[in-house]
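Structure first, commentary second.
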Amino acid sequence: AQSVTQLGSHVSVSEGALVLLRCNYSSSVPPYLFWYVQYPNQGLQLLLKYTTGATLVKGINGFEAEFKKSETSFHLTKPSAHMSDAAEYFCAVSENYQLIWGAGTKLIIKP
Amino acid sequence: DTGVSQDPRHKITKRGQNVTFRCDPISEHNRLYWYRQTLGQGPEFLTYFQNEAQLEKSRLLSDRFSAERPKGSFSTLEIQRTEQGDSAMYLCASSSGQENQPQHFGDGTRLSIL
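Okay, here's the thing in structure tokens:
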């Protein structure tokens, strides 16, 4: 079975600083990878996905992620953090149509 | 695209009562998923449907839980004889076509057991 590890349950950055949220997965086959964002008391919103093709994937709200097969990683980045980015971020890998989720990283933005 | 709709948004009930949640997926989506999420955790897969067929159920889904999707459109999740440990957010998602298509989520139903 596949698994997803998100390093850091909380990440704190200053407004305007680089955001880096880490995700590593275990998979013996090429994975389908997803990042979702969750605001308090809401469902999950898709940020971006990797299926095949270009390994650098651009998503909504200025986020992007790079699939690195050799490192089994799919880290999420944003060049400049905004206060509205404060939320919880989840990385997920698809296995037989089920999404296997990481535990999430809460992003805190300092003014 | 009106999005995935879940009803109710919040449910408070006493231990031992039965509860039922409804999910209306995006209309053209043939796959529908149920997840459970507790505070500070990622979602946990419960079950999923392709059209009206329930294709997979998690071991988390005890005999007290049942899900249906009778006409391949909306779905219901029922919990019988609720327990304290059932308190969670119940999320519904839908998707279309192939496995590489993303799942679209509703805002969830938050269940609180008194």
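Sequence order for the protein chains is A and B.
So the mapping is simple: the working numbering equals the position in the first sequence, first residue as 1, plus 608.
So in the working numbering, spot 29 of the second sequence is number 24, and the numbers just go up one at a time.
For glycine and all other residues, C-beta sits at the position ideal for the given N, C-alpha and C.
Predicted model, so just to flag it, every value in this text is computed and none were measured.
{"query": "Based on the DSSP output, what are the partners of residue 91/B in its beta bridges?", "result": "In the DSSP output, where bridge partners are listed per residue, residue 91/B has none listed."}
{"query": "May I have the straight-line CA-CA distance separating residue 719/A from residue 620/A, to the nearest angstrom?", "result": "11 Å"}
{"query": "Answer with buried or exposed for residue 59/B, where buried requires no fewer than 16 other C-beta atoms within 10 angstroms of its C-beta.", "result": "exposed"}
{"query": "Under 7 Å, Cβ to Cβ, is there at least one residue of chain B near residue 698/A?", "result": "yes"}
{"query": "Just to confirm the assignment, what range does the beta strand (DSSP E) spanning residue 632/A have?", "result": "632 to 634"}
{"query": "Is residue 95/B close to chain A? Criterion is C-beta to C-beta, closer than 7 Å.", "result": "yes"}
{"query": "For residue 102/B, does the three-state DSSP call read helix, strand or coil?", "result": "coil"}
{"query": "Could you name the residues of the same chain whose beta carbon sits closer than 6 Å to that of residue 630/A, not counting the 5 residues immediately before and after it, in chain order?", "result": "615 and 683"}
{"query": "Hey, would you say the C-beta of residue 63/B is under 6 Å away from at least one heavy atom of the ligand SAM?", "result": "In the structure on display, the ligand SAM does not appear, and there are no ligands present to speak of."}
{"query": "Between residue 72/B and residue 16/B, how many whole angstroms is the CB-CB distance? I'm expecting something under 8 Å.", "result": "5 Å"}
{"query": "Alpha carbons only, please: which of 706/A, 613/A and 680/A is nearest the one belonging to residue 50/B?", "result": "706/A"}
{"query": "Check for me: the beta strand (DSSP E) holding residue 695/A runs from which residue to which?", "result": "695 to 703"}
{"query": "Taking beta-carbon pairs under 9 Å, can you tell me which members of the region 624 to 647 of chain A lie near chain B?", "result": "640, 642, 644 and 646"}
{"query": "Classify residue 691/A: buried if its beta carbon has 16 or more other beta carbons within 10 angstroms, exposed otherwise.", "result": "exposed"}
{"query": "Name, please, each residue of chain B whose Cβ falls closer than 9 Å to the Cβ of residue 711/A.", "result": "35, 36 and 37"}
{"query": "Comparing the C-beta of residue 86/B with each C-beta of chain A, is any distance below 7 Å?", "result": "yes"}
{"query": "In terms of residue numbering, what span does the beta strand (DSSP E) encompassing residue 681/A cover?", "result": "681 to 686"}
{"query": "Return the residue from the list 108/B, 102/B, 76/B and 106/B that minimises the CA-CA distance to residue -3/B.", "result": "102/B"}
{"query": "Would you mind telling me which residues of chain C sit closer than 7 Å to residue 657/A, beta carbon to beta carbon, in chain order?", "result": "The structure shown contains no chain C; its protein chains are A and B."}
{"query": "Using a Cβ-Cβ distance under 7 Å, would residue 654/A count as near chain B?", "result": "yes"}
{"query": "Compare the C-beta of residue 651/A with all C-beta atoms of chain B and state if any pair is closer than 7 Å.", "result": "yes"}
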